[in-house]
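Here the structure comes first, spelled out in C-alpha cells, and everything after it is commentary.
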Amino acid sequence: MRKRSADARISRGRLALYQALLVGTLFAFWYLMTEPILISEASAKNTAFFFGRPLQVIKVVIEWFVGGKIYPHLAITLWETLLAFAIGSVLGLTIGLWLALAPTASAIAEPYITAFNAMPRVILAPIFAVWFGLGVLSKVALGVTLVFFIVFFNVYQGVKEVSPVVLANARMLGASKRQLLRYIYLPSATSWVFSSLHTSVGMAFVGAVVGEYLGSARGVGYLILQAEGVFDINTVIAGILVLTLFALLLDFAVTKIEARLLVWRPKAAEAAEL
C-alpha cells in the first residue's frame, strides 16, 4: 500500500515537471519568435504585432495588479458570474421541477425549449444590451440563458430518474405530494444540479465575459475590447491570461464546494468495490 502511494506521488511529481517543462518550452519558443535573437528584427516585429511579446504581457499583468487597475474589473466580472449562476440555477431548478412533474405542460413546452436550446444564445447579447444597457444586467441576462438549460435538463433528468419503487413505498406510507416533492424529488434533482456545478459556473463566466467584450463599460472583457481597438496585442493577451487564471481559481473554488456538498456520494472506486 505504501509502495503504491509512493509511486503515485512520484508520478504526480513527474507529471507536474512535464507540465512545467511544456509551459517553459512554449514560453521560450514565443520569446525567441518575437525577439531579434534567432530571426531578423523585421521578422521579430511582424511576429510581435500579431502574437505580442511575452515579457511585455507579463509587465502589463504586473502593472495591473500592482497599480490596482484590474481589481474593480475582476470584481464586476465575478459579480456578473455569481448573479448569472444564481438566477439561472433557481430558474432552471424551478421550471425543471415543474415540467418534470407536469406531463401536459412538459409536452406543450417541449418544442419551444428544444428550439431555444438549439439557438446559439451568444447572439442575444446585442439584444440584451439594447434592453438592459451596457451595465451588469445585460451580462447577467446572457449568463442566465447559458446556465438555465444546463440546470433545467439536469433537474428534469434527476426527477425522471427517481425510482418508481421509492415513490410507491412513500405513497404507501401516506406521503403527500408536498412531502414527495420535499423528501424525494427535490433531493434527487439537487444532486444532479450539484454534479453540474463546474459546467454551470463556467457558462456563467463565459456569459459575463462575452457580454463585456461585445459591449460594456467595465469588466475584464471591456479591457480586452479597449486594447483590441488600438491594436495593443500585449494587453489583449494579458487580459486573456488574467481571465484564464481567474477561471482556474473559480474552478478550484467550485471543486472545493462540490466536495463538501457531495460528501455523501461514494467515489467511483468505492462504488466499484461495493
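The sequence shown begins at -12 in the numbering used here and counts up one residue at a time. Note that beta-carbon positions come from the ideal geometry of N, C-alpha and C, so glycine has one too.
- Residues of the same chain with a CB within less than 6 Å of the CB of residue 74, apart from the 5 flanking positions on each side, are 131 in chain order.
- For residue 82, the enclosing alpha helix (DSSP H) stretches over residues 57 to 88.
- Straight across, the Cα-Cα distance linking residue 26 with residue 134 is about 47 Å.
- Just so you know, the alpha carbons of residue 21 and residue 35 end up roughly 5 Å apart.
- Between residue 205 and residue 110, the C-beta spacing is not below 7 Å.
- Under the three-state reduction of DSSP, residue 23 is assigned to coil, being neither helix nor strand.
- Annotation for residue 218: no alpha helix (DSSP H) segment contains it, and DSSP assigns it neither H nor E.
- In the displayed model, residue 148 falls within coil according to three-state DSSP, outside both helix and strand.
- In the displayed model, residue 169 falls within a helix according to three-state DSSP.
- In this structure, residue 211 lies away from residue 193, with their beta-carbon atoms at least 7 Å apart.
- In this model, residue 216 and residue 59 are separated by some 21 Å (Cα to Cα).
- Assignment of residue -2 by DSSP, reduced to helix, strand and coil, places it in the helix class.
- The C-alpha of residue 42 is placed about 35 Å away from the C-alpha of residue 71.
- DSSP places residue 160 outside any alpha helix (DSSP H), giving it a letter other than H or E.
- By the Cβ criterion, the stretch 178 to 185 is not in contact with the stretch 113 to 122, since fewer than three pairs of Cβ atoms, one from each stretch, lie closer than 8 Å.
- With distances taken between CA atoms, residue 231 lies nearest to 61 out of 61, 102, 103, 100.
- With contacts defined by Cβ atoms closer than 7 Å, residue 171 and residue 155 do not form a contacting pair.
- When C-alpha distances from residue 190 are compared across 28, 44, 68, 38, the shortest belongs to 68.
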